[in-house]
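Engineer: Here it is: the structure, laid out below.
Residue numbers (UniProt numbering): 1 to 301.
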């Protein structure tokens, strides 16, 4: 049985070349082939009422030629293929996930507004692809209030203790093992807890103290990590339990990290379509490191 490739989507932008470099290194770590894909977009897909011919059969693809040149001098390159596709990238890119172990994109491509932090194609792929999607941000994103960390390779994963996702933890532990990295597990809990009373009464103080909430969150975190630690005994885990906003803690932890891993929001009865969730979306917009968005275990969507 052949190994599924790591797919890098390119469009000629500097963002996509950075993503290509990241995908190349990851394909090596996974001992997987690398597939470089360019989705060529023509007016026929943008304007249904205009009939426009696609490229002549056998025509060269300048974007893929650029990618070939970019990789030509790379030593010990994994098996690599270059694939042109025609269509609109927003629906085509997520479809590639059905035949990939990982889909890698830059945070923005050549189109759109320069002020956007995340392009529509990257957002669609992270939301809809069947495989994990890694979005490589532009360099220079500023991260504030980063907690002190020891030097060395580090993978960060978010853990929601009231709804843990084994697929996200599995991915994060496996990536940390491949990279010889520590795994920092961020588990945030809501604090302070506000209790509202009927007007004109003021907001009441919380009926419980913070310490028991933190202790319970820590105990749940350690319990959820235990089976993964037994499967990956060489991975050093660092639980980071803190009050407040999970997205803020994950963005802060992304400074100097190799990768931040978040889960894709599971479908709910009243929200049957796929969605990223507010935490994953915020991390994609603001994290300084590459971000992996992991779909839920099959059957949970």
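The C-beta atom is built at its ideal place from N, Cα and C for all residues, glycine as well.
Note down, in chain order, each residue of its chain lying with its Cβ closer than 6 Å to the Cβ of residue 227, except the 5 sequence neighbours on either side.
Structural biologist: Result list for residue 227: empty, nothing under 6 Å.
Engineer: Name the DSSP beta bridge partners of residue 188, please?
Structural biologist: Residue 188 pairs with 242.
Engineer: Could you check the C-alpha separation between residue 288 and residue 183 for me, to the nearest Å?
Structural biologist: Spanning the two alpha carbons is a distance of roughly 17 Å.
Engineer: Answer with buried or exposed for residue 107, where buried requires no fewer than 16 other C-beta atoms within 10 angstroms of its C-beta.
Structural biologist: Classification of residue 107: buried, given that the 10 Å Cβ count is 16 or more.
Engineer: Which residues share a DSSP beta bridge with residue 173?
Structural biologist: Bridge partners of residue 173: none, in fact.
Engineer: Going by DSSP, what residue range makes up the beta strand (DSSP E) through residue 291?
Structural biologist: Where residue 291 is concerned, the enclosing beta strand (DSSP E) stretches over 291–294.
Engineer: Could you tell me which residues DSSP puts in a beta bridge with residue 82?
Structural biologist: Its beta-bridge partners are 36.
Engineer: Whose CA, out of 104, 159, 152 and 151, lies closest to the CA of residue 290?
Structural biologist: If we check each option's Cα against that of residue 290, 104 comes out closest.
Engineer: Would you kindly report the start and end of the unbroken alpha helix (DSSP H) that includes residue 154?
Structural biologist: Segment 154–158 is the beta strand (DSSP E) holding residue 154; no alpha helix (DSSP H) there.
Engineer: Taking residue 263 as the reference, which of 132, 78 and 153 has the closest Cα?
Structural biologist: Among 132, 78 and 153, the Cα nearest to that of residue 263 belongs to 132.
Engineer: By DSSP, does residue 276 sit in helix, in strand, or in coil?
Structural biologist: Looking at residue 276 - three-state DSSP - the assignment turns out to be coil, as it is neither helix nor strand.
Engineer: Which word fits residue 31, buried or exposed, when buried means at least 16 other C-beta atoms lie within 10 angstroms of its C-beta?
Structural biologist: Exposed, by the Cβ-count rule.
Engineer: Just to confirm before moving on: does the CB-CB distance between residue 241 and residue 156 stay below 7 Å?
Structural biologist: It is not a contact, given that the beta carbons lie outside the stated cut-off.
Engineer: Return the first residue and the last residue of the beta strand (DSSP E) that residue 263 is part of.
Structural biologist: It spans 259–263 - the beta strand (DSSP E) in which residue 263 sits, taken as one unbroken run.
Engineer: Helix, strand or coil, according to DSSP, for residue 213 in the structure here?
Structural biologist: Reduced to three states, the DSSP call for residue 213 is helix.
Engineer: Please look up how many angstroms separate the CB atoms of residue 135 and residue 63, rounded, as I've assumed it's under 8 Å.
Structural biologist: Their Cβ separation, rounded to whole angstroms, is 19 Å, which puts residue 135 and residue 63 out of contact at 8 Å.
Engineer: Below 8 Å CB to CB, which residues in the same chain sit around residue 29 once its five sequence neighbours on both sides are set aside?
Structural biologist: Within the same chain, residue 29 has close Cβ partners 178 and 179.
Engineer: Using only the alpha-carbon positions, how far apart do residue 277 and residue 70 sit?
Structural biologist: Taking the straight line from one Cα to the other gives about 35 Å.
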